[in-house]
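> Going left to right, the sequence shown walks through residues 29 to 577 as the working numbering numbers them. Heads up, the beta-carbon is just placed ideally off N, CA and C, and yes, glycines get one too. Note that the structure is a prediction, hence the values are computed from the model and not measured.
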Amino acid sequence: MNIDDNKLREILLRENYATAEDINKAEENSRLKRISFTDSLFDINLTTKDLLGQAIAESFQIPYADLNSNQPSLEQVLKIPEDVAKKFRVVVFSVSQDEVVVATDNPTVKELVPALLEIFPESEVKIGYGLPEDIDAVFSAYRKPLDTRFSKILESQKRVAPEILDEIFSDAFSYHASDIHFEPQHKKVVIRFRVDGVLQAAGVISKELYENILNRVKVISGLHIDEHFSAQDGSMHYEKENIIFDMRTSIVPTVEGEKVVLRILSSYINGLNLSDLGLSPHDQRIFEREAQKPFGMILVVGPTGSGKTTTLYAILKLLNKPDVNITTIEDPVEYKMLGVNQIQVNPQTNLTFAKGLRSIVRQDPDTILVGEIRDNETAEIAVNAALTGHLLLSTFHANDAATAIPRLIDMGIEPFLLSSTLELIVAQRLVRKICESCRYSIDSSQKNIVEKHKAAGQFFTNKDATLYQGKGCSNCGGSGYSGRIAIFELISVTEEMKELILKTPSSSEIRKLANEQGGKVMFEDGIEKVKSGVITIEELERVAESPQD
């Protein structure tokens with residue numbers, strides 16, 4: 029049961045979780061940033077997810093069941109049959125000798141208690157309130173392996189391809205996968221999900237069955253079903269019950285057959301803010317300061333899949349106001365944002381980044397987002413746009429922030445133009461976060477840290493340190509990780525940096541000056557997240573190099 033905005037306002041006021049002034053502030057913020065009222069509450073730090081749950085629970089005059097921090101075991105969950113659990117949206121929260129506490133997001137249903145008394149006839153049943161998203165997460169315990177569900181679909185002899193795709197998409201949504209891979213092998217096709225940046229096996233289907241599934245993917249993606257030897261790109265929209273998302277389709281021919289990769293486009297971007305990216309308070313202030321400048325260039329660099337576009341859209345969201353004209357040119361347009369003019373690159377009509385950018389400049393924009401600077405022509409137009417009174421945001425492939433400047437100069441951009449336009453360079457990588465449901469602390473001596481992690485040891489000066497890791501639970505699929513966060517490296521182009529750029533510096537010279545001005549490399553930002561229990565040292569070492577490496 030989802031609480032609508034009007035009901036939520038009433039609850040927060042009645043239960044004294046907010047004042048009328050707080051509510052007005054949240055509503056104004058919601059209008060300005062074009063986010064939901066609930067997201068606005070979190071955005072201005074008026075409440076937290078748990079406080080919200082507590083307030084709603086009090087409005088029903090029942091306790092709050094925090095399923096996120098106190099996740100029930102698989103054994104507990106399975107005490108309620110799946111059909112009953114999903115009908116009444118109820119899960120077991122805790123069990124003692126003569127008492128069962130359940131969590132539901134719809135406690136007013138009259139048939140709920142009688143149904144539970146049939147399951148637990150000798151126990152006292154107590155009802156608690158659980159947040160809808162937490163209950164949905166617990167329901168994943170009922171999911172049987174994909175292969176088992178595929179077998180049942182085949183036995184039913186119904187429309188096989190649509191039903192199998194439904195099961196695959198449902199699992200991908202449940203596990204928060206970013207990509208779905210269909211990989212043809214000699215006699216079978218392996219299905220894999222990319223979850224938190226890591227591929228994991230999901231299921232297997234036969235080659236015979238794959239042909240129908242492949243054709244269905246092509247049809248709903250608007251691709252040619254009779255083309256088998258050329259790469260094809262398309263997109264699809266999927267909607268079934270409470271699962272709604274868009275996907276980008278890529279099909280390439282391999283020696284074993286056509287491989288499909290479906291990129292699930294994140295729907296959370298409209299609720300995303302700079303504070304959600306993982307920026308330290310100091311770095312967030314730099315972002316906000318540079319983004320408010322009327323002209324200049326902000327570059328976000330890193331490899332493919334490092335979250336660059338998400339960071340740019342978080343900046344756009346900060347700037348997106350009725351009196352600002354924002355235009356983007358992207359390939360592809362992954363996130364759709366109200367109030368922003370978005371252009372899709374189309375090679376078939378000769379709409380390239382360079383040609384599109386030339387047209388955008390004539391559209392009287394205040395802010396321009398270029399999805400990626402790929403060539404010299406795009407780089408030159410982008411720099412000139414930043415020079416002539418526009419704020420230009422873009423991404424660029426470079427290993428770190430210091431390398432971006434020499435690379436742009438190598439592409440033919442004059443140092444004096446870079447010096448005049450560059451305001452901020454941001455390098456980033458995505459790292460997996462420790463699962464909050466099963467996180468635990470480990471006391472470790474500095475000696476042990478140095479022995480196991482020589483690169484990281486230099487940053488632990490105290491004799492003893494507390495590290496964190498995940499045990500592995502049903503919420504994180506046993507991995508100990510859930511979700512991702514970015515680690516950052518920022519170079520603000522100060523007057524001293526502008527002078528250095530004019531001398532065509534090397535990346536090491538840029539890095540040295542940035543360090544002298546207080547800049548941190550990505551590894552150091554990651555160490556701060558290790559110390560605060562957000563990520564593990566192992567995960568940091570997997571994606572970032574130590575300054576001494």
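Just to confirm the assignment, what range does the beta strand (DSSP E) spanning Gln372 have?
Asn369 to Gln372
> With Tyr266 as the anchor, note down where its beta strand (DSSP E) starts and where it stops.
Gln260 to Lys268
> Helix, strand or coil for His204? Go by DSSP, reduced to three states.
coil
> How is Met525 classed by DSSP in three states: helix, strand or coil?
DSSP places Met525 in helix when its eight states are reduced to three.
> For Ser263, collect the residues of the same chain with a Cβ closer than 8 Å to its Cβ; drop the 5 residues on either side in sequence, then sort them by chain order.
Closer than 8 Å at the Cβ level, and outside the excluded window around Ser263, lie Ser249, Gly250, Asp274, Met275, Arg276, Thr277 and Pro360.
> Helix or strand or just coil, what does DSSP make of Asp94?
Under the three-state reduction of DSSP, Asp94 is assigned to coil, being neither helix nor strand.
> Leaving aside the five residues before and after Ala542 along the sequence, list all residues of the same chain whose C-beta is less than 6 Å from its C-beta, in chain order.
If we look at Ala542 and ignore the five residues flanking it on each side, its Cβ neighbours are Ile519.
> Do Gly81 and Leu159 come within 9 Å of each other at the CB atom, strictly closer than that value?
yes
> To which residues of the same chain is Gly508 closer than 7 Å at the C-beta, ignoring the five residues directly before and after it?
Ile462, Cys463, Cys466, Gln497, Gly498, Lys499 and Gly500
> Measure how close the beta-carbons of Glu55 and Ser87 come, nearest whole angstrom, since I'm counting them as under 8 Å.
About 20 Å separates the two Cβ atoms, so there is no contact after all.
> Taking DSSP's pairing of strands, which residues face His209 in a bridge?
Arg220 and Val289
> Would you grab the beta carbon distance between Ala131 and Val119 for me? Rounded to a whole angstrom, and I think it's under 8 Å.
6 Å
> Just to confirm my understanding: we take Glu611, look at its own chain, exclude 5 residues before and 5 after, and list those with CB closer than 8 Å. What are they?
Since the first residue shown for the chain is 29 and the last is 577, residue 611 is missing from the structure and cannot be characterised.
> Quick check on the burial criterion: 16 or more other C-beta atoms within 10 angstroms. Buried or exposed for Gly384?
buried
> Would you call the region 68–78 and the region 108–118 touching, i.e. three or more CB-CB distances under 8 Å?
no
> Within the continuous alpha helix (DSSP H) that includes Glu443, where are the two ends?
Looking at the sequence provided, one finds Pro at residue 443 rather than Glu. Unbroken alpha helix (DSSP H) run through Pro443: Pro443 to Thr449.
> Within its chain, find whatever has a CB closer than 6 Å to the CB of Gly285; leave out the 5 residues flanking it on each side and keep chain order.
Pro212
> Alpha carbon to alpha carbon, how far is Lys140 from Val549?
With the sequence shown as reference, residue 140 is identified as Leu, and Lys is not the correct amino acid for it. Linking Leu140 to Val549 through their CA atoms gives a straight-line distance of about 55 Å.
> Would Glu195 and Arg220 be called neighbours here (beta carbons separated by less than 9 Å)?
no
> I need the straight-line Cα distance from Gln456 to Arg435, nearest angstrom please.
17 Å
> Take the Cβ of Arg390 as the centre, count every other Cβ of all protein chains shown within 10 Å, and call the residue buried at 16 or more, exposed below.
exposed
> Quick one: residues in its chain with C-beta nearer than 7 Å to the C-beta of Asp261, no 5 flanking neighbours on either side, listed in chain order?
Thr277 and Ser278
> What are the start and end residues of the alpha helix (DSSP H) that includes Ser536?
Ser535 to Glu544
> In or out: Ile233 buried (at least 16 other Cβ within 10 Å) or exposed?
buried
> Do you know whose CA, among Val112, Phe148 and Phe116, lies nearest Val128's CA?
Phe148
> At what residues does the alpha helix (DSSP H) containing Pro350 begin and finish?
From DSSP, Pro350 is part of no alpha helix (DSSP H); its letter is neither H nor E.
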